[in-house]
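In the working numbering, the protein residues as written are 155 to 544.
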């Protein structure tokens with residue numbers, strides 16, 4: 155029996171992931187409880203509130219603000235508690251996937267999924283990633299399992315008020331799940347029904363994107379609202395794209411043209427890794443998952459050009475695809491959506507799946523601040539373990 159085709163190979167990758175995760179937990183969990191957390195909020199969307207008017211991404215900041223007024227607690231400590239709560243909820247979701255599916259530990263905690271998240275663990279409370287991921291899971295679950303779509307729309311709309319990327323990255327999975335699994339009409343009727351179902355959330359999304367971007371004069375009002383409660387919030391730097399309408403263009407962050415090759419490489423490597431995982435661990439839904447993964451490249455690349463968070467724009471769609479794999483596991487796949495290209499890819503993956511996914515796992519990674527080749531190794535599991543033992 156060849157090691158690349160055996161359970162032993164999977165177990166080896168599982169062990170590597172476990173060691174890398176333990177190191178990252180050991181390194182980062184104390185951050186939540188230490189003083190460094192208090193000073194690390196210098197660039198946090200969580201403190202945008204509605205004191206200067208209704209502003210995009212201000213919902214949870216307003217909630218923290220109201221809790222601060224009611225309880226008298228420090229807004230930083232309230233955020234610390236919320237952060238811990240999100241971490242516990244997300245851990246429960248991931249544990250549920252591990253226990254109730256055949257998706258292995260190494261795939262979930264790979265450099266393209268949750269290892270990337272833990273490498274940038276301190277940044278989670280700034281970028282709202284944990285909250286976005288949790289809401290995305292809830293929205294997907296409600297859409298798939300609930301017949302009443304009003305509750306789904308309420309949850310999705312609340313998510314949009316927290317961060318608009320929830321709608322951007324859920325739109326394609328929701329559309330394909332509806333077309334392939336939840337509707338029985340002809341194709342045009344399916345699209346019409348989907349538009350009707352999603353209309354309330356679309357309206358919220360468009361209003362947030364077109365009407366309620368903040369202005370520069372909102373910033374001082376927000377600063378003043380926090381002034382009585384915490385000295386740490388006087389120097390918060392809010393996302394410039396929210397208040398001055400100037401996105402962080404990729405040409406400013408990545409100045410060397412050859413580093414754009416890194417973006418192309420990330421698109422290709424990420425797509426191969428995540429779709430091989432779909433082939434191995436959700437084969438009966440492979441065509442749907444392949445289409446979702448391919449179409450998600452469009453918003454991911456578009457966001458890379460106007461918001462230089464880079465790896466996040468691939469990691470979050472990957473997690474959403476993982477959730478989709480899990481939530482569709484008991485659904486009967488439609489019989490009429492097999493395409494020649496998906497069958498062709500399946501045949502290739504059947505021959506190369508384990509060697510390729512192992513190589514990409516061991517030598518792959520996700521960048522954060524650019525596409526420089528060295529940045530790809532920050533979330534590489536061997537690099538994480540090496541930094542632990544050296």
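Just so you know, even glycine gets a beta-carbon here, dropped at the ideal spot from N, CA and C.
Model, not experiment: these values are computed from the prediction.
Among the options, nearest to residue i - alpha-carbon criterion
i, options, result
"residue 486", "327, 406, 335, 362", "335"
"residue 517", "470, 534, 221, 509", "534"
"residue 420", "450, 449, 468, 532", "468"
"residue 236", "219, 251, 248", "219"
"residue 476", "267, 408, 198", "267"
"residue 484", "251, 234, 166, 228", "251"
"residue 226", "191, 427, 384", "384"
"residue 430", "253, 542, 261", "261"
"residue 521", "423, 249, 322", "423"
"residue 371", "359, 506, 396", "396"
"residue 356", "188, 436, 413, 307", "307"
"residue 263", "478, 392, 458, 167", "167"
"residue 312", "509, 214, 272, 265", "214"
"residue 271", "378, 494, 497, 466", "466"
"residue 363", "318, 382, 352", "318"
"residue 183", "474, 497, 204, 242", "242"
"residue 377", "365, 337, 390", "390"
"residue 455", "444, 443, 442, 470", "470"
"residue 414", "211, 339, 464", "464"
"residue 374", "161, 205, 179, 478", "205"
"residue 212", "221, 480, 199, 224", "199"
"residue 189", "171, 451, 231, 300", "231"
"residue 479", "458, 437, 350", "437"
Limits of the unbroken alpha helix (DSSP H) element including residue i
i, result
"residue 307", "303 to 316"
"residue 319", "319 to 331"
"residue 378", "370 to 380"
"residue 289", "283 to 299"
"residue 356", "341 to 364"
"residue 271", "268 to 273"
"residue 261", "259 to 262"
"residue 450", "Element bounds for residue 450: n/a, residue is neither H nor E."
"residue 426", "414 to 435"
"residue 174", "161 to 187"
"residue 392", "Where residue 392 is concerned, there is no enclosing alpha helix (DSSP H), given that its DSSP letter is neither H nor E."
"residue 334", "From DSSP, residue 334 is part of no alpha helix (DSSP H); its letter is neither H nor E."
"residue 484", "Run containing residue 484: none; DSSP gives neither H nor E here."
"residue 225", "213 to 225"
"residue 507", "494 to 517"
"residue 199", "Taken as a continuous stretch (DSSP letters only), residue 199 belongs to no alpha helix (DSSP H), as it is neither H nor E."
"residue 248", "229 to 254"
"residue 540", "535 to 543"
Neighbourhood of residue i by C-beta distance below 7 Å, restricted to the same chain and skipping five residues each side
i, result
"residue 536", "516"
"residue 246", "none"
"residue 292", "309"
"residue 380", "201, 229, 387"
"residue 453", "322, 323"
"residue 433", "440, 500, 503, 507"
"residue 329", "348"
"residue 155", "Low confidence applies here, because residue 155 scores a pLDDT of 39, under 50, leaving its location unreliable; read the following figure in that light. Same-chain partners within the cutoff: there are none."
"residue 428", "266, 447, 472, 475"
"residue 164", "258, 260"
Cutoff 6 Å; reference residue i; Cβ partners in own chain excluding five residues on either side
i, result
"residue 482", "439"
"residue 542", "177"
"residue 449", "326"
"residue 368", "209, 396, 397"
"residue 278", "Its pLDDT being 47, under 50, residue 278 is placed unreliably by the model, and nothing is read from it."
"residue 539", "173, 174"
"residue 169", "none"
"residue 488", "334"
"residue 531", "519, 537"
"residue 358", "311, 314"
Same chain only: Cβ atoms within 8 Å of residue i, ignoring 5 sequence neighbours per side
i, result
"residue 333", "341, 344, 345, 348"
"residue 288", "240, 243, 244, 247"
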